[in-house]
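Working notes, beginning with the structure itself.
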Amino acid sequence: MTQLPHFSRELLHPRYWLTWIGIVFLYLLVLLPYPVLHTIGCGLGRIAMRFLKRRVEVAQRNLELCFPDMPTSEREAMVKHNFESVGMGLIETGMAWFWPDWRIQKWVTTSGLEHVSHALTEKRGILLIGMHFLTLELGARVFGMHNPGIGVYRPNDNKLIDWLQTWGRMRSNKSMLDRKDLKGMIRAMKNNDIIWYAPDHDYGPRSSVFAPFFAVQDAATTTGTHMLIRLGNPSVIPFLARRLPNGRGYELKMMPDIRHKFSLENELNTAIVMNKVVEETVLLAPEQYMWLHRRFKTRPEGQPSLY
């Protein structure tokens, strides 16, 4: 059972003071009007490119691997826009944690809520597929405002950040589960709860199979998806929080239930289908996906690193 962090006097210790200063600065920053925040966020991302050289290289390499036919100039432009999204991701985290509901609603439109409502009437629970877009914090907050669910996360090593992210995410959701707590996820879905789950990162060689992802034929892909669908038998609904062009706000888009696409013959088959779903969703806003993560760091035995 996942033990959620709680506020304690320990978090006021001097070793956390710099973190507190950063939190207060972020809180004050997101009080500014959204158009100003959009300008600041994109600018921060462009500045970050000058200092995060290794992450720029990772993003460039990921795009090269996934889209080998994309012209170099187009790929370089996408990296720039991607880092603008990185800057906006920081701003959007503050928005997700600190903005009141009315202010979020002003800047977000939604579509596909009927897919979630229909799935809930079937009382089989929902596995909500939330890919690693840079809008993920804001997307989770907005989704929870309509349909509170349970988030899946990795506890942060910094106890203050761990408490804050849990507090922020539970402003519009029921609870949180450690991403290793598969039994808790299955139990929640059998209680007709919604589980937010991200199957699209490289979590290492354990509990992974190698399946195609875009042009990469052997991307390490979690087998957790197969276990959750096979044992939980939930509806499976992908969703996307997409930032609209020119600072016009956001669209929260829920897709139809894709449970019928999974034959569950084996873990590899499930991974292939899920990666295809992730691909289709990424292509709706490719510049907003988390390309700076080393998605292909785990390789089949005997194969060299791609980075």
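Using the numbering used here, you'd call the opening residue of the sequence shown number 151 and step up by one each time.
Beta carbons: idealized from backbone N, C-alpha and C, even for Gly.
Taking Cβ positions, are residue 326 and residue 301 nearer each other than 8 Å? Residue numbering aside, residue 326 sits at position 176 when the sequence shown is read from its first letter. Residue numbering aside, residue 301 sits at position 151 when the sequence shown is read from its first letter. In this structure, residue 326 sits near residue 301, with a CB-CB distance shorter than 8 Å.
Restricting to Cα atoms, I'd like to know which of 339, 286, 268 is closest to residue 236. Stepping through the sequence shown from its first residue, residue 236 is reached at position 86. Among 339, 286, 268, the Cα nearest to that of residue 236 belongs to 286.
Residue 157 (DSSP reduced to helix, strand or coil): Taking the sequence shown and counting its residues from 1, the one referred to as residue 157 is at position 7. Looking at residue 157 - three-state DSSP - the assignment turns out to be coil, as it is neither helix nor strand.
Using DSSP with H/G/I as helix, E/B as strand and the rest coil, what is residue 120? Look at the range of the chain in this structure, 151 to 457, and you will see that residue 120 is not part of it.
For residue 407, collect the residues of the same chain with a Cβ closer than 8 Å to its Cβ; drop the 5 residues on either side in sequence, then sort them by chain order. The residue you call residue 407 lines up with position 257 of the sequence shown. Once the five neighbours on either side are set aside, the close Cβ partners of residue 407 are 265, 268, 269, 385, 386, 387.
Closer than 8 Å is the cut-off here; do at least three beta carbon pairs connect the segment 388-399 with the segment 427-445? Segments in contact, yes.
Output the distance between the C-alpha atoms of residue 198 and residue 170, rounded to the nearest integer angstrom. Here residue 198 refers to the residue found at position 48 when the sequence shown is read from its first residue. Here residue 170 refers to the residue found at position 20 when the sequence shown is read from its first residue. Using only the alpha carbons, I get a separation of about 22 Å.
In terms of residue numbering, what span does the alpha helix (DSSP H) encompassing residue 175 cover? As a working mapping, residue 175 is identified with position 25 in the sequence shown. Secondary structure note for residue 175: its alpha helix (DSSP H) is the uninterrupted segment 167-179.
For the beta strand (DSSP E) holding residue 402, just list the boundary residues, first then last. As a first step, residue 402 must be located in the sequence shown, where it is residue number 252. Note, residue 402: beta strand (DSSP E), 400-404.
So what does DSSP say about residue 317, is it helix, strand or coil? For the purposes of this step, residue 317 is taken as residue 167 along the sequence shown, with counting starting at 1. Of the three classes helix, strand and coil, the one that applies to residue 317 here is helix, per DSSP.
Hey, could you find the ends of the beta strand (DSSP E) residue 277 is sitting in? The count along the sequence shown starts at 1 and reaches residue 277 at position 127. Run containing residue 277: 276-280, per the beta strand (DSSP E) assignment.
In chain order, what are the residue ranges of uninterrupted beta strand (DSSP E) at least 3 long that sit wholly in the segment 252-277? Correct list: 258-261.
What residue range is occupied by the uninterrupted beta strand (DSSP E) comprising residue 293? Working through the sequence shown from its first residue, we reach residue 293 at position 143. Bounds of any beta strand (DSSP E) do not take in residue 293; it lies within the alpha helix (DSSP H) bounded by 286-296.
Tell me which residues share the same chain as residue 157 and place their Cβ nearer than 7 Å to its Cβ, disregarding the 5 neighbours each side in the sequence. Walking along the sequence shown from the start, residue 157 turns up at place 7. Apart from sequence neighbours up to five positions away, the residues of its chain that approach residue 157 with a beta-carbon distance below 7 Å are 313, ordered along the chain.
Could you check whether the segment 240-250 touches the segment 174-181, counting it as contact only if at least three pairs of C-beta atoms, one from each stretch, sit closer than 8 Å? Segments in contact, yes.
Whole-angstrom distance between residue 254 and residue 208, CA atom to CA atom: The residue you call residue 208 lines up with position 58 of the sequence shown. The residue you call residue 254 lines up with position 104 of the sequence shown. Between residue 208 and residue 254, the C-alpha separation is close to 32 Å.
Can the beta-carbon of residue 448 be found closer than 8 Å to that of residue 355? As a first step, residue 448 is located in the sequence shown; it is residue number 298 there, counting from the start. As a first step, residue 355 is located in the sequence shown; it is residue number 205 there, counting from the start. Contact: yes.
N- and C-terminal bounds of the alpha helix (DSSP H) containing residue 222: Working through the sequence shown from its first residue, we reach residue 222 at position 72. In the DSSP assignment, residue 222 falls within the alpha helix (DSSP H) that extends over 222-248.
In chain order, what residues of the same chain have a beta carbon less than 6 Å from the beta carbon of residue 241, not counting five sequence neighbours either side? Locating residue 241 in the sequence shown gives position 91, where the first residue counts as 1. Around residue 241: 187, 191.
Kindly indicate the opening and closing residues of the alpha helix (DSSP H) around residue 184. Reading the sequence shown from its first residue, position 34 is the one you call residue 184. Note, residue 184: alpha helix (DSSP H), 184-201.
Let me know the secondary structure DSSP gives residue 312 once reduced to three states. Mapped onto the sequence shown, residue 312 falls at position 162. The answer is helix: DSSP assigns residue 312 an H, G or I state.
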